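Shown next, in structure tokens, is the structure this report addresses.
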Amino acid sequence: MKEIFLLKLGEIVLKGANKRQFESRLRQNVRRRMKKFGEFDVYIMQSTVYVEPKDELADVDGAWEACRSIFGVVSLCRCRPCEKNLDAIFEAIENYLGDDLDCAKSFKVESKRSDKAFPMTSIQISQEIGGRLAEAHPGVAVDVHHPDYTVYVEVRDFAAYVHGPAEPGAGGLPTGVGGRAMCLLSGGIDSPVAAYMIAKRGVEIEAVHFFSYPYTSQLAKDKVVELARLVAKYSGKMTVNVVPFTEIQEAIRDNCPEEYFTLVMRRFMMEISQRIARHDGCGALITGENLGQVASQTMEAMTVTGAVVDMPIFMPLVGMDKEEIVTIARKIGTLETSILPYEDCCTVFTPKHPKTKPTLGQLQNAEKNLDREALMERALAGVEKIKVAGDDDALL
Ligand code: ATP
Ligand code: MG
């Protein structure tokens, strides 16, 4: 008999009245992600998503890999369905998990019975199946406290399912239940991680990148698009809005006091991002800012850069250490791309002594020789929209 996946829902189980909407979004997301791997039935019962290949042609391993990156799934397991009787359950375990069991030093059986009409309690099922397995595998000890391997039996509505230990899922909330936000995506380590963390809370992501050709190269732009694609593996397709930023940076260089270069530039970034975000239906901005990491990441600097927008700015990395950020970047697969050595526009015209405790009045003064509005309008008129899709996603 074939193999199926059970995806266990996390927090969304707790969401009361929204539960139906959350579940239907998750089912839709799983269906979309499975398309590429063949024909699958995807349905939800008892806070569990069932993913069932319809025929032999389905790419089960590919589908399994994809399921591991779906937000809203707290844990997942591959399992073998069988009839709801002890003989069938025992036989399914022998065929499906027998080899794993032989490799273990000790084991136990853990059972769950959500079909209350089944004539045995879960403890009785575990005892009976455990006894039969102990007889069939005399070299593997029974250890109910610290087993090397656990065999799981789940007696559900339509069938029983047997499986080994579940794996952790991507966690979070299903993509799409939390609205949409615009991430300021540089080519660095931090901003892709920030995008991932907000995406994990069920938010659809769009991106904006400020591009200063020829100070930054086509390679730097390709790198950002690749980072967006890596994040899209989790969050679904997104559009990268590439904003031509050279004219603004040169205007800053020519018209502003050097110590304010970075702050003036960041105020342009925030305001332009908010305009694109509004236009594209986003309700918040996301940045990879991190308190104290660089001169523009003090409270005072964040105050003056945040002052030009009124949308919420999400900074999920603000209190993390670099090591913690790098660990996540490695886990989600963006680190290798992020550390490729291309310039970011932030490193063009960097002041030697940047202002770390600026005030709003100082910034307004520093910007007084710039026609901010005209500069922003010209930049917005030149935006290039690049659509990216994650591996498993059709570009629609
Ligand atoms: P990152 O690793 O994400 O580049 P960082 O530690 O280098 O961040 P900064 O260069 O100060 O920090 O940038 C802070 C944030 O500003 C970035 O995390 C990103 O959200 C945004 N940002 C910086 N440069 C750009 C850019 N060229 N395009 C879009 N957003 C940018
Ligand atoms: Mg950077």
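Taken in order, the sequence shown gives residues 8 to 403; the numbers are from our numbering.
All residues carry an ideal CB built from backbone N, CA and C; glycine is no exception.
Small disclaimer: the values here were computed from a predicted structure and weren't measured.
Cβ-based burial, residue i [other Cβ within 10 Å; buried from 16]
| i | result |
| --- | --- |
| GLU142 | exposed |
| TYR50 | exposed |
| LEU402 | Interpretation of LEU402 is limited by its pLDDT of 41, a score under 50 that renders its predicted location unreliable; the figure taken from the coordinates is listed afterwards. Flag for LEU402 reads exposed. |
| ARG87 | buried |
| CYS74 | buried |
| GLY146 | exposed |
| GLN225 | exposed |
| ILE130 | exposed |
| LYS123 | exposed |
| GLY176 | buried |
Any non-hydrogen atom of the ligand ATP closer than 8 Å to residue i Cβ
| i | result |
| --- | --- |
| CYS110 | no |
| PHE217 | yes |
| ILE283 | no |
| PRO199 | yes |
| LEU270 | no |
| GLN225 | no |
| MET276 | yes |
| VAL238 | no |
| PHE252 | yes |
| SER242 | no |
| GLN256 | no |
| THR310 | no |
| GLN304 | yes |
| LEU14 | no |
| CYS190 | yes |
Sheet register partners of residue i (DSSP bridge)
| i | result |
| --- | --- |
| ASP48 | GLU59 |
| ILE104 | The question names Ile, but residue 104 is Leu in the sequence shown. For LEU104, which the question treats as bridged, DSSP gives no partner whatsoever. |
| PHE252 | Paired residue(s): none; PHE252 is not in a bridge. |
| ILE11 | CYS86 |
| ILE212 | ALA188 |
| THR246 | LYS394 |
| PHE217 | VAL250 |
| ALA167 | CYS89 and VAL162 |
| TYR222 | Beta-bridge pairing links TYR222 to no other residue. |
Cβ pair residue i, residue j closer than 9 Å
| i | j | result |
| --- | --- | --- |
| VAL1 | THR55 | In the structure displayed, the chain extends from 8 to 403; residue 1 sits before or after that span and is not available. |
| SER198 | ILE346 | no |
| GLY209 | LEU234 | no |
| HIS144 | CYS84 | no |
| PHE114 | ASP164 | no |
| ASN297 | VAL325 | yes |
| ALA336 | VAL200 | yes |
| GLU254 | ARG379 | no |
| VAL81 | LEU16 | yes |
| THR366 | VAL311 | yes |
| LEU270 | ALA308 | yes |
| VAL315 | ARG260 | no |
| MET415 | GLY290 | In the structure as shown, the chain starts at 8 and stops at 403, and residue 415 therefore has no counterpart that could be examined. |
Quiz item: Between the stretch 206-226 and the stretch 57-67, are three or more C-beta pairs nearer than 8 Å?
Solution: Contact between the stretch 206-226 and the stretch 57-67 is not established, with fewer than three Cβ pairs separated by less than 8 Å.
Practice problem: Decide yes or no for the touch test of the stretch 280-288 against the stretch 171-183: beta carbon pairs closer than 8 Å, at least 3 of them. | Solution: No: fewer than three Cβ pairs fall under 8 Å.
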